[in-house]
Amino acid sequence: MDPIPGGSATPAADLNSATPAATVVSMWAFTISQHYQHLLDKSTPYVLYRWIAFLLVAFVYVLRVYLIQGFYVVTYALSIYILNLIIGFLSPQVDPEFSDGPTLPTRGSDEFRPFVRRLPEFKFWYSITKAFCIAFALTFVRVFDVPVFWPILLFYWIILCMLTMKRQILHMIRYKYVPFSFGKQRYNRKSAPSADNENLPS
2 MDPIPGGSAT PAADLNSATP AATVVSMWAF TISQHYQHLL DKSTPYVLYR WIAFLLVAFV
62 YVLRVYLIQG FYVVTYALSI YILNLIIGFL SPQVDPEFSD GPTLPTRGSD EFRPFVRRLP
122 EFKFWYSITK AFCIAFALTF VRVFDVPVFW PILLFYWIIL CMLTMKRQIL HMIRYKYVPF
182 SFGKQRYNRK SAPSADNENL PS
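In case it helps, this note's numbering puts the sequence shown at residues 2 to 203.
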């Protein structure tokens, strides 16, 4: 059977031409999100390089705000968000104040339990880096450049930071935990000989 004049020669071509544009866009977005997530997963073990990249992003943002002398409201909102991230990074996943049983060791004889953060390190890095990128993009939108006396915002932020960190430090002192753990607890190689070993014939 001859193909219809003016039509496509194969059914696959008809299917491709009939594919809605929304489906193509969604497939394209899904592919990009997959590649993006793959890059994030691969960057997880490289802690030092990730934080160096964050410092570069933060430096570019600070340099832009300094050069254009504006967008202080964006910077103030960014600093409050960073303060919330820091509190989540320093807080335990299960708050001892509201838990039923002990979640953190309070004596040296207690079983070793590593400090589990409410906000893990990778999520903390990802959130703070994304926040700086969004704030950098907002500096290109003039509507966010609200005229304000920036020393007042800086004073408010310092007061808020001091009160928040004081409450966090008092919480750490009250429940006797340190928000930094460096891997598994190490024990001495030489252990005291047990009574069974002493009774064994030589």
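Cβ coordinates follow ideal geometry from the N, Cα and C atoms, glycine included.
- For I88 against T165, the beta-carbon gap comes to about 6 Å, under 8 Å, which counts as contact.
- The C-beta of P93 has 16 or more other C-beta atoms within 10 Å across all chains shown, which makes the residue buried.
- Its chain contains F72, V75 and F145 as the residues whose beta carbon lies nearer than 8 Å to that of L139, once the 5 sequence neighbours on both sides are disregarded; these appear in chain order.
- R168 and Y82 have their alpha carbons spaced roughly 17 Å apart.
- Around the beta carbon of I129, a 10 Å sphere encloses 16 or more other beta carbons of the protein chains shown; the residue is thus reported as buried.
- Annotation: I159 to I153 spans about 10 Å, alpha carbon to alpha carbon.
- Looking at L120, W126, W52 and V26, the one whose alpha-carbon comes closest to that of P180 is L120.
- Taking C-beta separations shorter than 6 Å and ignoring five residues to either side along the sequence, the partners of F133 in its chain run V58, A59 and Y62, following chain order.
- Assignment of R119 by DSSP, reduced to helix, strand and coil, places it in the coil class.
- The DSSP-derived three-state label of P93 is strand.
- By the C-beta density criterion, F137 is buried, having at least 16 other C-beta atoms within 10 angstroms.
- In the three-state scheme derived from DSSP, where H, G and I count as helix and E and B as strand, K177 is classed as coil.
- Sequence-distant Cβ neighbours of L91 in its own chain, meaning closer than 7 Å and more than five residues away, are Q169 and P180.
- C162 and V142 have their C-alpha atoms some 28 Å from each other.
- Around the C-beta of Y47, fewer than 16 other C-beta atoms lie within 10 Å, and the residue is accordingly described as exposed.
- Of the candidates K177, Q70, Y127 and L49, Q70 places its Cα closest to the Cα of P148.
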